[in-house]
Amino acid sequence: FGLWAIILKETDEMIGQAGLTLQKCMKEEVLEIGYLLKKRFMHHGYAKEAAEGCKRYAFNQLNAVKVHSIIKADNVSSIKVAKAIGMHKEKEFMAQYYNGDQLHYLFTIQK
2 FGLWAIILKE TDEMIGQAGL TLQKCMKEEV LEIGYLLKKR FMHHGYAKEA
52 AEGCKRYAFN QLNAVKVHSI IKADNVSSIK VAKAIGMHKE KEFMAQYYNG
102 DQLHYLFTIQ K
């Protein structure tokens with residue numbers, strides 16, 4: 002597991018990171034797809050491409066049965082990415098965030 006650099010082919014610029022990590026979710030450890038892009042590269046399809054690649058890696062190389070994304074309820078863009086790679090909302094839960102408890106969703110897809 003871990004994070005990988007997202008490199009823009011045209012310029013060789015690192016535009017973000019993506020990968021698979023083990024995260025706590027309601028006292029359970031889940032394999033999570035995560036990504037972070039530089040602001041100017043958001044909304045260009047790179048997050049979806051990276052998340053899809055992470056999903057394929059989890060299923061094909063790690064033989065994972067299920068992968069997840071933990072998403073703040075107000076993060077509309079990440080919810081769209083999760084749905085675009087075939088995930089569905091499995092649970093809603095409150096989780097600690099910088100300024101207190103906030104509603105989160107657990108999105109999931111099975112192999």
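The opening residue of the sequence shown carries number 2 in this note's numbering; numbering runs sequentially from there. Glycine included, every Cβ here is placed at the ideal spot set by N, Cα and C. Note that this is a predicted model, so its numbers are computed, not measured.
Does residue i come out as helix, strand or coil in the three-state DSSP assignment?
i, result
"Glu91", "strand"
"Lys67", "strand"
"Glu11", "coil"
"Ile80", "helix"
"Lys112", "coil"
"Tyr106", "strand"
"Lys56", "helix"
Out of the options, which has the shortest C-alpha to C-alpha gap to residue i?
i, options, result
"Trp5", "Met27, Leu38, Val31, Ile80", "Leu38"
"Glu53", "Ile71, Tyr98, Gly20, Tyr106", "Gly20"
"Ser70", "Gln62, Ala59, Ser78, Met88", "Met88"
"Ile86", "Gln97, Val31, Val68, Asn100", "Val68"
"Phe115", "Lys40, Val77, Ile7, Asn100", "Since the displayed the chain opens at 2 and closes at 112, residue 115 lies outside it and no answer follows."
Please classify residue i as buried or exposed, where buried requires at least 16 other C-beta atoms within 10 Å of its C-beta.
i, result
"Lys56", "buried"
"Glu33", "buried"
"Ile8", "exposed"
"Val66", "exposed"
"Tyr98", "exposed"
"His45", "exposed"
My assumption, with CB atoms under 8 Å, is that residue i sits in contact with residue j. Please give the rounded CB distance.
i, j, result
"Lys73", "Gln103", "6 Å"
"Tyr36", "Gln62", "No, Tyr36 and Gln62 are not in contact; Cβ-Cβ is about 18 Å, not under 8 Å."
"Phe94", "Met15", "Between Met15 and Phe94 the Cβ distance is about 33 Å, and since that is not below 8 Å, they are no contact."
For residue i, list the residues DSSP reports as bridge partners.
i, result
"Gly46", "Bridge partners of Gly46: none, in fact."
"Cys26", "Glu29"
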